[in-house]
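Asks:
In our numbering, the protein residues as written are 8 to 367.
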């Protein structure tokens, strides 16, 4: 390998380093020559799991020369990997005032916390961890903004609302000029944090073509029209959209741009970008039985399939919408890696739904 032309090695590494960083790290240990040749590709694909890894990576990026920060594919989740940080760096714990005072208290006054107090502390730690991860993610995105092409995020938010929504007005525009694909799996106790960020944060994805929201778990989809309009402004060149069933049932078909073959005609002021070519719907619910009523079935599943039938750009897919939250997060990472390697990922249409398997 050491005698192999550098140009050929670079070509090989560009195809090999698409697995979240494992191959890149392994190449660095092969030999000094391979270590040097693989440097531009070590960070080509990066998968981060948990707050500790993300904080460590954000810190490490500060020490890496700009020309080597070529992260093209990024996956990030707030799920820790076995409770450890495989990058090997932890955020130093800062003692709280309460903790310092307790350490100086007489032994007789150091009482065991009640279950309620322990739950409150655990929740506080989780909330702090979520905030640390969000801030670290923004730091990472700013540093790799010009190279990033695909981004997948799985995030279980524990906030009831953003801690400082007023700060959105002072936030610098997050522009990812070369991002072409974005996937999001998200859920939270309320929709407030999601709505505050999506509708207020200055975001710009001018090259974004494929947006996967099939893992978006909102409590209400009443703001679907406004979300479509926001996407039109934020990602004006969007061509493919993957959405959950409940979002599809929230009259999203009326948000398709004018000129599409949609019934009824689009008269809504909110609509998606006119560049939209394909809308995939991740069907939820079971489909273990054959629909016994044929064309006369009025279940929501058959109604959905009837509604999309006149429009050839809409495809309803089985499978992904039925996954549990944990399996959905795992699938998002699998699909992200598959896309980085040149596969179809979540855009595979081979599992198109049939009207006669509704499960009712």
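Yeah, the Cβ is synthetic: ideal placement off N, Cα and C, and Gly gets one too.
This structure is a prediction, so every number in the text was calculated from the model and none was measured.
Does the distance from the C-beta atom of residue 198 to that of residue 353 stay below 8 Å?
Replies: Indexing the chain shown from 1 puts residue 198 at position 191. Indexing the chain shown from 1 puts residue 353 at position 346. Not in contact: residue 198 and residue 353 (Cβ atoms no closer than 8 Å).
Asks: Identify whether residue 199 lies in helix, strand or coil by the three-state DSSP scheme.
Replies: As a working mapping, residue 199 is identified with position 192 in the chain shown. Residue 199: helix per DSSP, three-state reduction.
Asks: Taking all protein chains shown into account, decide if residue 107 is buried (16 or more other Cβ within 10 angstroms of its Cβ) or exposed.
Replies: As a first step, residue 107 must be located in the chain shown, where it is residue number 100. Model confidence at residue 107 stands at a pLDDT of 29, short of 50, so the residue's coordinates are unreliable and nothing is read from them.
Asks: Quick check: the Cα distance between residue 149 and residue 81, rounded to an integer number of angstroms?
Replies: In the chain shown, residue 149 corresponds to position 142, counting from 1. In the chain shown, residue 81 corresponds to position 74, counting from 1. Going by C-alpha positions, residue 149 is about 13 Å away from residue 81.
Asks: Drop a sphere of 10 angstroms on the beta-carbon of residue 262, count the other beta-carbons inside from all chains shown, and report buried for 16 or more, exposed for fewer.
Replies: For the purposes of this step, residue 262 is taken as the residue at position 255 of the chain shown. Counting Cβ neighbours within 10 Å, residue 262 comes out buried, since at least 16 surround it.
Asks: In the DSSP assignment, find the unbroken beta strand (DSSP E) run with residue 157 in it and report its ends.
Replies: Numbered from its first residue, the chain shown carries residue 157 at position 150. Per DSSP, residue 157 belongs to the beta strand (DSSP E) from 157 to 163.
Asks: Taking 8 Å as the threshold, find out whether the segment 315 to 334 comes into contact with the segment 47 to 61 through three or more Cβ pairs.
Replies: Segments in contact, no.
Asks: Consult DSSP for residue 260 and reduce its assignment to one of helix, strand or coil.
Replies: In the chain shown, the residue the question calls residue 260 occupies position 253. It is helical.
Asks: CB-CB under 7 Å to residue 77, same chain, minus the five flanking residues each way: which ones, in chain order?
Replies: The residue given as residue 77 occupies position 70 in the chain shown. Counting only Cβ-Cβ distances below 7 Å, and skipping sequence neighbours, we find 47, 50, 51 and 154.
Asks: Could you round the C-beta distance between residue 183 and residue 152 to whole angstroms and report it? I think they count as a contact, below 8 Å.
Replies: Counting from one through the chain shown, the residue named residue 183 turns up at place 176. Counting from one through the chain shown, the residue named residue 152 turns up at place 145. Yes, residue 183 and residue 152 are in contact; Cβ-Cβ is about 5 Å, under 8 Å.
Asks: Mark residue 64 as exposed unless 16 or more other C-beta atoms lie within 10 angstroms of its C-beta, in which case mark it buried.
Replies: Stepping through the chain shown from its first residue, residue 64 is reached at position 57. So residue 64 counts as buried.
Asks: Quick check: the Cα distance between residue 238 and residue 70, rounded to an integer number of angstroms?
Replies: The residue you call residue 238 lines up with position 231 of the chain shown. The residue you call residue 70 lines up with position 63 of the chain shown. In a straight line, the C-alpha of residue 238 is about 35 Å away from that of residue 70.
Asks: Run the CB neighbour count on residue 343, radius 10 Å, all protein chains shown included, and call it buried at 16 or more, exposed below.
Replies: On the chain shown, position 336 is the one that residue 343 refers to. Note on residue 343: 16 or more other CB atoms within 10 angstroms of its CB, so buried under the neighbour-count rule.
Asks: Secondary structure at residue 78, three-state DSSP: helix, strand or coil?
Replies: For the purposes of this step, residue 78 is identified with residue 71 of the chain shown, where counting begins at 1. If DSSP states are grouped into helix, strand and coil, residue 78 belongs with coil.
Asks: Secondary structure at residue 358, three-state DSSP: helix, strand or coil?
Replies: Stepping through the chain shown from its first residue, residue 358 is reached at position 351. Coil.
Asks: Count the other C-beta atoms from every protein chain shown that fall within 10 angstroms of the C-beta of residue 212, then say buried if there are 16 or more, exposed otherwise.
Replies: One-based indexing of the chain shown puts residue 212 at position 205. Residue 212 should be labelled buried.
Asks: Counting along the chain, where does the alpha helix (DSSP H) carrying residue 232 start and finish?
Replies: Taking the first residue of the chain shown as position 1, residue 232 is located at position 225. Taken as a continuous stretch (DSSP letters only), the alpha helix (DSSP H) holding residue 232 covers 231 to 241.
Asks: Could I get the ranges of all uninterrupted beta strand (DSSP E) runs contained in the segment 45 to 73, with 3 residues as the minimum, in chain order?
Replies: 52 to 56
Asks: For residue 142, which of 178, 207 and 157 has the nearest alpha-carbon?
Replies: If you number the chain shown from 1, residue 142 lands on position 135. It is 178.
Asks: Run the CB neighbour count on residue 280, radius 10 Å, all protein chains shown included, and call it buried at 16 or more, exposed below.
Replies: The residue you call residue 280 lines up with position 273 of the chain shown. With 16 or more Cβ atoms within 10 Å of its Cβ, residue 280 is classed as buried.
Asks: Return the CA-CA distance between residue 337 and residue 349, expressed in angstroms with no decimal places.
Replies: Within the chain shown, residue 337 is the residue found at index 330, counting from 1. Within the chain shown, residue 349 is the residue found at index 342, counting from 1. Near 19 Å, if we compare the C-alpha coordinates of residue 349 and residue 337.
Asks: Give the range of the alpha helix (DSSP H) segment to which residue 346 is assigned.
Replies: As a working mapping, residue 346 is identified with position 339 in the chain shown. It spans 332 to 347 - the alpha helix (DSSP H) in which residue 346 sits, taken as one unbroken run.
Asks: Put residue 352 into one of helix, strand or coil per three-state DSSP.
Replies: Locating residue 352 in the chain shown gives position 345, counting from the first residue. The DSSP-derived three-state label of residue 352 is helix.
Asks: Does the Cβ-Cβ distance between residue 244 and residue 215 come in under 8 Å?
Replies: Counting from 1 along the chain shown, the entry for residue 244 is found at position 237. Counting from 1 along the chain shown, the entry for residue 215 is found at position 208. Cβ distance < 8 Å, so residue 244 and residue 215 count as in contact.
Asks: Quick check: residue 161 and residue 339, are their CB atoms within less than 8 Å of each other?
Replies: Counting from one through the chain shown, the residue named residue 161 turns up at place 154. Counting from one through the chain shown, the residue named residue 339 turns up at place 332. The answer is yes: Cβ separation under 8 Å.
Asks: Residue 209 to residue 181, Cα distance in whole Å?
Replies: The residue you call residue 209 lines up with position 202 of the chain shown. The residue you call residue 181 lines up with position 174 of the chain shown. Straight-line measurement puts the Cα of residue 181 at about 6 Å from the Cα of residue 209.
Asks: Report the three-state DSSP secondary structure of residue 295 (helix, strand or coil).
Replies: Counted from its first residue, the chain shown places residue 295 at position 288. Note on residue 295: pLDDT 44, under 50, position unreliable in the model; the coordinate value appears next. Reduced to three states, the DSSP call for residue 295 is coil.
Asks: Can you tell me which residues form a DSSP beta bridge with residue 327?
Replies: For the purposes of this step, residue 327 is taken as the residue at position 320 of the chain shown. Beta bridge pairing from DSSP links residue 327 with no other residue.
Asks: Below 8 Å between beta carbons: does that hold for residue 235 and residue 278?
Replies: One-based indexing of the chain shown puts residue 235 at position 228. One-based indexing of the chain shown puts residue 278 at position 271. Cβ atoms of residue 235 and residue 278: closer than 8 Å.
Asks: On a CA-only basis, which of 254, 217 and 256 is nearest residue 241? Give me that one, please.
Replies: For the purposes of this step, residue 241 is taken as residue 234 along the chain shown, with counting starting at 1. Of 254, 217 and 256, the residue nearest in Cα terms is 217.
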